[in-house]
Amino acid sequence: MKKKTFVLVIIALVTVSFSSMAQQVDRTSFKAGVHAGLPVGDASDYSSFSLGVDLGYHWGVSELIDAGIATGFINAFGDTSTIDIGPVGQDVDFPDIQFIPVAGAFRLYPTYDFKLGADVGYAVGVNEGNDGGFYVRPMIGYNISGNTELNISYINVSNDGSFSVAALGLLFLF
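Heads up: the sequence shown is residues 301 to 474, going by our numbering.
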């Protein structure tokens, strides 16, 4: 029963995709913006704030779907923490953590004002000792105007550990 349901859903999605291609809307655009975020999970142990730049290019695949490429720069500012070593506390300065993501982008438009999507790819580690890792960034966006978007996203880079940031961003379309 589950297989039949899955197959029917796939057929419906393909049908909607082909039918909406006939009504193609040109949303092809260059996108640039900024985001600020708070590290969560393991990243919050050594960082307290993150800033980034977002760059991308999207093509309108259909009336409901965009696909494209995304990159940018993410900098999580290193924190100073006190680590207890026996009875003595030692201040430790953590370095900034920096990534350059290289990803494919996918957006779904349930309405004109809202979009759902994700960027998936690899985040190249920039700072010393940072190997980078698998990059995923699910997001929800709201069109403030015809060329300005406000979005919230969850950035995750995973390799041996996990680096995660909850972010709020502003994106401009050109």
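Ideal placement from N, C-alpha and C gives every residue a C-beta, glycine not left out.
Three-state class that DSSP yields for residue i in the structure shown
i, result
"Gly333", "strand"
"Gln323", "Caution applies to Gln323, whose pLDDT of 47 falls short of 50 and renders its modelled position unreliable; the model cannot decide the point."
"Asp366", "strand"
"Gly386", "coil"
"Gly417", "strand"
"Gly432", "coil"
"Asp354", "strand"
"Asp251", "This structure cannot settle anything about residue 251, because the visible part of the chain is limited to 301 through 474."
"Thr328", "coil"
"Thr380", "strand"
"Tyr412", "coil"
"Gly360", "strand"
"Phe474", "coil"
"Gly461", "coil"
"Val426", "coil"
Inter-residue CB distance, residue i and residue j (contact presumed, cutoff 8 Å)
i, j, result
"Gly469", "Asp396", "Incorrect: roughly 19 Å between the Cβ atoms, too far for contact."
"Leu408", "Ile365", "6 Å"
"Ile413", "Asn459", "According to the sequence provided, residue 413 is Asp. The question's Ile does not apply to it. Incorrect: roughly 36 Å between the Cβ atoms, too far for contact."
"Gly441", "Asn451", "4 Å"
"Val402", "Tyr422", "6 Å"
Euclidean distance between Cα positions of residue i and residue j
i, j, result
"Met321", "Asn430", "Because the pLDDT of Met321 is 45, which lies under 50, any placement of that residue in the model is unreliable, and the number read from its coordinates should be weighed accordingly. Rounded to whole angstroms, Met321 to Asn430 spans 42 Å at the Cα level."
"Thr382", "Pro339", "18 Å"
"Met439", "Ser453", "4 Å"
"Ala467", "Trp359", "24 Å"
"Val465", "Leu471", "18 Å"
"Gly352", "Asp342", "19 Å"
"Asp491", "Gln390", "Here the chain comprises residues numbered 301 to 474, so residue 491 is not present and cannot be evaluated."
"Asp393", "Glu363", "49 Å"
"Gly432", "Leu473", "28 Å"
"Thr371", "Glu449", "17 Å"
"Gln323", "Lys331", "Note on Gln323: pLDDT 47, under 50, position unreliable in the model; the coordinate value appears next. Approximately 23 Å between the Cα atoms of the pair."
"Ile400", "Ser445", "28 Å"
"Phe406", "Val388", "50 Å"
"Phe373", "Val426", "9 Å"
"Phe463", "Asn447", "31 Å"
"Ser319", "Val457", "Below a pLDDT of 50, predicted positions are generally treated as unreliable, and Ser319, at 46, falls in that range; no measurement from the model is reported."
"Val361", "Gly386", "60 Å"
"Gly378", "Ser329", "34 Å"
"Tyr346", "Ala376", "9 Å"
Identity of the residues DSSP links to residue i by a beta bridge
i, result
"Ile397", "Ala376"
"Gly441", "Lys415, Asn451"
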